[in-house]
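Here is the structure we will look at, set down as structure tokens.
Protein chains: 2
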Amino acid sequence: MKTAAIIGGGVIGGGWAARFLLNGWDVRVFDPDPEAEAKLAPVLAQARRALPSLTDVALPDEGALSFHFDMAEAVAGVDWIQESVPERLEIKHKVLASVQAHCPPDAIIGSSTSGFKPSELQEGAARPGQIMVCHPFNPVYLMPLIEVVPSPATDLALVEKAETILRSVGHFPLRVRKEIDAHIADRFLEAVWREALWLVKDGVATTEEIDEAIRMGFGIRWAQMGLFDTYRTAGGEAGMRHFMAQFGPALQWPWTKLMDVPEFTDELVDLIAGQSDAQSGHMSIADMLKARDDNLVGMMRSLKANDWGAGAVMNAHEASLRAGTVLAAHADDLDDVSEPILTVRRAVPLDWTDYNGHMNEARYLQAFGDATDRFMALIGCDADYIATGGSYFTAETHIRHVDEVHAGAVIEVRTQVLAGAGKKMHLFHEMYEGTRLLATGEHFLLHVSLETRRPSEPSAGIVAALTRIASAHAALPAPDGAGRAVGQRP
Amino acid sequence: MKTAAIIGGGVIGGGWAARFLLNGWDVRVFDPDPEAEAKLAPVLAQARRALPSLTDVALPDEGALSFHFDMAEAVAGVDWIQESVPERLEIKHKVLASVQAHCPPDAIIGSSTSGFKPSELQEGAARPGQIMVCHPFNPVYLMPLIEVVPSPATDLALVEKAETILRSVGHFPLRVRKEIDAHIADRFLEAVWREALWLVKDGVATTEEIDEAIRMGFGIRWAQMGLFDTYRTAGGEAGMRHFMAQFGPALQWPWTKLMDVPEFTDELVDLIAGQSDAQSGHMSIADMLKARDDNLVGMMRSLKANDWGAGAVMNAHEASLRAGTVLAAHADDLDDVSEPILTVRRAVPLDWTDYNGHMNEARYLQAFGDATDRFMALIGCDADYIATGGSYFTAETHIRHVDEVHAGAVIEVRTQVLAGAGKKMHLFHEMYEGTRLLATGEHFLLHVSLETRRPSEPSAGIVAALTRIASAHAALPAPDGAGRAVGQRP
């Protein structure tokens, strides 16, 4: 079993500890603060909550976690030492000396420093070859990027070993080919920070307006494609050279407070265009456009579930599309409930489909689940009611897959009540594209107390609404496929 | 029915046209290019493919789209005119004059300009009050942000009307309170672009390395929280003042090529801290941390489906967790197939759960679908085989929900073959947390030709593997719940 020594707790050290620990490594934390264990606990809790979500296969069992005040104990025999002590060179030198006095000579020593170059860290070191920058991003237990920066004195074989280890715990190691203050990413953050400070100072925008300008626009793009690929894609079939011919050294004019800009020579243009081709020339622009939109859709839709950022914008728009239609109605608003009720009408989104463009099996149940939720709200079991402690849980579901449907198709679900009395509700959903039947979903639900998680009586209002519809639907013929078992003869 | 006139086709004009059209507006496109319709077609196709994915309720029917070479025809009686002509002031002035000679005096005139201030656009205009900047982000049919910039001469009631309309078509209008070159967001892009050019020129990083430094790190954060909220969250309970005390006017030191930085006075600190409190003081830092991680997980997991960016990193890590286990095996690798086979072992991710932290109904089928896919791969119906044109489609599914399970719990699915011969496969999945039964899924599948979408014979290899397991499992007792219909007596 591999062992990592984490020198310095806190948000960054704790994130490293969590990443290693949850990937099965033993972790020893060294921090002179007697409260170190208590301070690490919240970061560990956050990591235990979120990191396992990243893979569809379970992580290994957690390793052993221990806390140490003796450096020799902390680093004896370990495979990896990660230094995350305060950003003062003299402190880092002192700590690295202490580490190297006791650690294996072939262990990886990574520094989380955001500001120092590896050659600065190596000054006066007993074994400079062991030392490299491994700069993470908060939260370390989620963000893939680690900027790996060797100096010319660092042992390159050890750097490659470090990168292999980083990949094995789910990181994306980015080799920084030339040491430079702040490496790569933080230089961009610094540039944006300074421009943001000017905007706030000059009263052009508040912190909130700046944040929305980021997260409602290019911020979403950059979660899936960086600066150059975004412009390559936008430049269309004419490609990167065309984009740069149009925009040159300044995206428009020298607007910012930020004065210094490189001269846009043919050499620089060639360099950029060539690197862009090497990076993404294997994809056509059409493919990049398709990938971009697939990615944006998937990410934006995920924010809907959290009603956050762009997702909140989409939810509000959706609410306006529902308003005044049966998709937002209460049963009392409907004069005629004699027919199955429309509970879903939506396009099949891109992220519900497979590479063939057909809706995935599980999404049929997602649509039927949405239909059930809508029907529940229709009879009064809406978000407000659920907040008072009652809801319906699904006990049993039967789905017949009749036909395929493509991304973009508008599907409708109509819901018939087969039975609704007391704690029980038995629904039959039919999914159509136009008049083409796609699937049926038969569901048996029980009203429950969210406190006890046991069956309970619904409110009088719900009983009344459900009874009214159940009675009206009792006159309807039994739908095709109701009451089937899997593999039953037709 | 509302009508929008789009002046200038192309990527931006086309994006606006698509956004209005797909939200039910009639759209008239004015562009002197005889190829305007052909040039718009790809953007429209992209929009039709992606925009309907954003809402879980169907958009209205598309409006009518027409192309015009006569300005009077294009703008007579319209509600909104959006100008997206080339970024030269004299061209914009000419076009705006032509628009105003023929459009309603109370129509909204928005300019997509990324560089000019509204007061510059208004120079010499017949009715300056109608003119405002409405600056979009590519692709306009997906990105929520529109920077709305009035000048002091713009009619504020018209600006508010414009913002209402923008919301109604799914945008996020951001009022820019003080006109400034490039508005807000592009000033940040400009700052990053210049720093990136230096890094490429100085050989510190290639375009690809810069892009990965963005999209594997802060780029993902910025899709859900902007600059200030990210630092507020990272600053912990001590908050924004503490963060700024630590970092001040430079996140570290004046590293960048970008020289000019504002003086960090108490006044500036107060301003920033106060605005940050106004922006996000309604949430505790703990809540922001939780939201952040929920958002990051959801977005990163969505990129797995596309095997893109951070999603590809996660898929690779997951593959290493499967390697050498039954979760990556072929049936031929298994000596003993007499027991139900482990097909899923994973943690319940955060985005599979509802506000109560319990796994959503539809995700049970997603897990069972994953189990079916794993079993298919086990018998040889893997991605390579599917690429040759054969697969299994699910015809019928029966799910019994037995118990609830929380985010983070490790669930296992074990799969028993009830029947497997010829084109048919009948599987029974049981989902457990430890020894606690959570749900069962019974599935009937048919092997199909992906070309004809009709049942077809599987390959000899698949038949052999399936037959071997079906024979071994025939000796197992029938699982509890197999062959049930919904609502059947136990």
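Residue numbers (the numbering used here), protein chains in the order written: chain A, 3 to 492; chain B, 3 to 492.
No residue lacks a Cβ here, since even glycine has one placed at the ideal position from N, Cα and C.
Would you mind working out which of Arg-177(B), Leu-199(B), Phe-190(B) sits nearest Trp-195(A), comparing C-alpha positions?
Checking every option, the nearest Cα to that of Trp-195(A) belongs to Phe-190(B).
If contacts are defined as beta-carbon pairs under 8 angstroms, then Val-328(A) and Ile-413(A) qualify, I think. What distance do you get, rounded to the angstrom?
Between Ile-413(A) and Val-328(A) the Cβ distance is about 16 angstroms, and since that is not below 8 angstroms, they are no contact.
Run through the DSSP bridge pairs and tell me what Gln-84(A) is partnered with.
Note: Gln-84(A) is bridge-paired with Ile-8(A), Gly-112(A) in the DSSP secondary-structure output.
Which residues, taken in chain order from the segment 52-63 of chain B, show a beta carbon closer than 8 angstroms to some beta carbon of chain A?
Taking 8 angstroms as the upper bound on Cβ-Cβ separation, chain A lies near residues Ala-52, Pro-54, Ser-55, Leu-56, Thr-57, Asp-58, Val-59, Ala-60, Leu-61, Pro-62 of the segment 52-63 of chain B.
Inter-residue spacing [alpha-carbon to alpha-carbon] between Val-77(A) and Leu-91(A)
Val-77(A) and Leu-91(A) have their C-alpha atoms some 21 angstroms from each other.
Evaluate Gly-126(B) with the Cβ neighbour count: other Cβ atoms within 10 Å of its Cβ, from every protein chain shown; 16 or more gives buried, anything less gives exposed.
Exposed, by the Cβ-count rule.
Work out the CA separation of Asp-183(A) and Gln-254(B) for me, nearest whole Å.
The pLDDT assigned to Gln-254(B) is 48, lower than 50, so where the model puts this residue is not dependable, and the model offers no usable value.
How about Ile-222(A): is its C-beta nearer than 8 angstroms to some C-beta of chain B?
Yes, Ile-222(A) lies at the interface with chain B (some Cβ there is under 8 angstroms from its Cβ).
Alpha carbon to alpha carbon, how far is Ser-114(B) from Ile-14(B)?
If you draw a straight line from the Cα of Ser-114(B) to the Cα of Ile-14(B), it comes to about 8 angstroms.
For Thr-232(B), does the count of other Cβ atoms within 10 angstroms reach 16, so buried, or fall short, so exposed?
With a threshold of 16 other beta carbon atoms within 10 Å, Thr-232(B) meets it and is buried.
Excluding the 5 residues preceding and the 5 following Ile-464(B) in the sequence, name in chain order all residues of the same chain whose CB lies nearer than 6 angstroms to its CB.
Excluding sequence neighbours, Ile-464(B) sits near Ile-381, Gly-382, Cys-383.
Using beta-carbon positions only, say whether Gly-65(A) and Asp-28(A) come within less than 8 angstroms of one another.
Cβ atoms of Gly-65(A) and Asp-28(A): closer than 8 angstroms.
Just checking: is the beta-carbon of Lys-180(A) within a distance shorter than 8 angstroms of some beta-carbon in chain B?
Chain B, which has a Cβ nearer than 8 angstroms to the Cβ of Lys-180(A), makes this yes.
Starting from Gln-418(A), trace the beta strand (DSSP E) both ways and give me its first and last residue.
Residues 412-423.
Residues of chain E with CB closer than 9 angstroms to the CB of Ser-114(B), please, in chain order.
Absent from the structure is chain E; the protein chains it does hold are A and B.
What distance in whole Å lies between the Cβ atoms of His-445(A) and Thr-399(A), which are believed to be in contact at a cut-off of 8 angstroms?
By a beta-carbon distance limit of 8 angstroms, Thr-399(A) contacts His-445(A). Their separation comes to about 5 angstroms.
Residues of the segment 390-416 of chain B with Cβ closer than 8 angstroms to any Cβ of chain A, in chain order:
When C-beta distances to chain A are compared with 8 angstroms, the residues of the segment 390-416 of chain B below that value are Phe-395, Thr-396, Ala-397, Glu-398, Thr-399, His-400, Ile-401, Arg-402, His-403, Glu-406, Ala-409, Gly-410, Val-412, in chain order.
Classification of Ser-86(B) by the beta-carbon crowding that lies within 10 angstroms, buried from 16 upward:
With 16 or more other Cβ atoms from the protein chains shown falling within 10 Å of its own Cβ, Ser-86(B) counts as buried.
Give a yes or no on whether 8 angstroms exceeds the smallest Cβ distance from Gln-254(B) to chain A.
Because Gln-254(B) carries a pLDDT of 48, less than 50, the predicted location of this residue cannot be relied on, and the following value inherits that uncertainty. Taking Cβ atoms only, chain A reaches closer than 8 angstroms to Gln-254(B), which makes this a yes.
Just the C-alpha distance for Lys-163(A) and Pro-479(B), rounded to the nearest angstrom, thanks.
In a straight line, the C-alpha of Lys-163(A) is about 50 angstroms away from that of Pro-479(B).
Is Gly-443(B) helix, strand or coil by DSSP?
Here Gly-443(B) carries a strand assignment [DSSP, helix/strand/coil].
Within its chain, find whatever has a CB closer than 7 angstroms to the CB of Gly-117(A); leave out the 5 residues flanking it on each side and keep chain order.
Taken in chain order, the residues that qualify are Glu-89, Asp-183, Ala-184.
When the Cα of Asp-356(A) is compared with those of Ser-340(B), Ala-476(B), Ser-393(B), which residue comes out closest?
Considering only Ser-340(B), Ala-476(B), Ser-393(B), the residue with the shortest C-alpha distance to Asp-356(A) is Ser-393(B).
For Gln-277(B), count neighbouring Cβ atoms within 10 angstroms of its own Cβ and tell me buried if that reaches 16, exposed if not.
Counting the other CB atoms within 10 Å of its CB gives Gln-277(B) a total of 16 or more, which places it among the buried residues.
Beta-carbon neighbours of Thr-209(A), restricted to chain B and to distances below 7 angstroms
Chain B residues near Thr-209(A): Phe-230, Ile-274, Gln-277, Ser-278, Gln-281.
Does the beta carbon of Ala-187(A) come closer than 8 angstroms to any beta carbon on chain B?
Cβ-Cβ to chain B under 8 angstroms: yes for Ala-187(A).
What's the call for Thr-396(B), buried or exposed, on a 16-neighbour Cβ count within 10 Å?
Buried.
Would you grab the beta carbon distance between Met-218(B) and Pro-146(A) for me? Rounded to a whole angstrom, and I think it's under 8 angstroms.
Contact between Met-218(B) and Pro-146(A) is confirmed by a C-beta separation of about 5 angstroms, below the 8 angstroms threshold.
Using a C-beta to C-beta distance shorter than 9 angstroms, which residues of chain A count as neighbours of Pro-481(B)?
Within 9 angstroms Cβ-Cβ: nothing; Pro-481(B) doesn't reach chain A, min ~12 angstroms.
Which partner residues of Arg-347(B) appear in the DSSP bridge assignment?
Answer is Glu-414(B).
Chain B beta carbons: is any one of them nearer than 8 angstroms to that of Ala-487(A)?
By this cut-off, Ala-487(A) is an interface position.
In chain order, what are the residue ranges of uninterrupted beta strand (DSSP E) at least 3 long that sit wholly in the segment 115-195 of chain B?
Taking only runs of at least 3 residues, the beta strand (DSSP E) segments lying wholly in the segment 115-195 of chain B are 133-137, 147-151, 174-177.
Indicate the three-state DSSP secondary structure (helix, strand or coil) for Glu-435(A) in the structure shown.
Strand.
Return the Cβ separation of Ile-69(A) and Val-31(A) in integer angstroms, given the expectation that the two are a contact with Cβ distance under 8 angstroms.
The amino acid occupying residue 69(A) in the given sequence is Phe; Ile does not appear at that position. About 5 angstroms; that satisfies the 8 angstroms criterion.
Under 7 angstroms Cβ-Cβ, which residues of chain A neighbour Phe-377(B)?
Result: empty, since nearest Cβ-Cβ is about 14 angstroms, beyond 7 angstroms.
Beta-carbon proximity check, Ala-293(B) vs Asn-308(A), cutoff 8 angstroms:
The beta carbons of Ala-293(B) and Asn-308(A) sit closer together than 8 angstroms.
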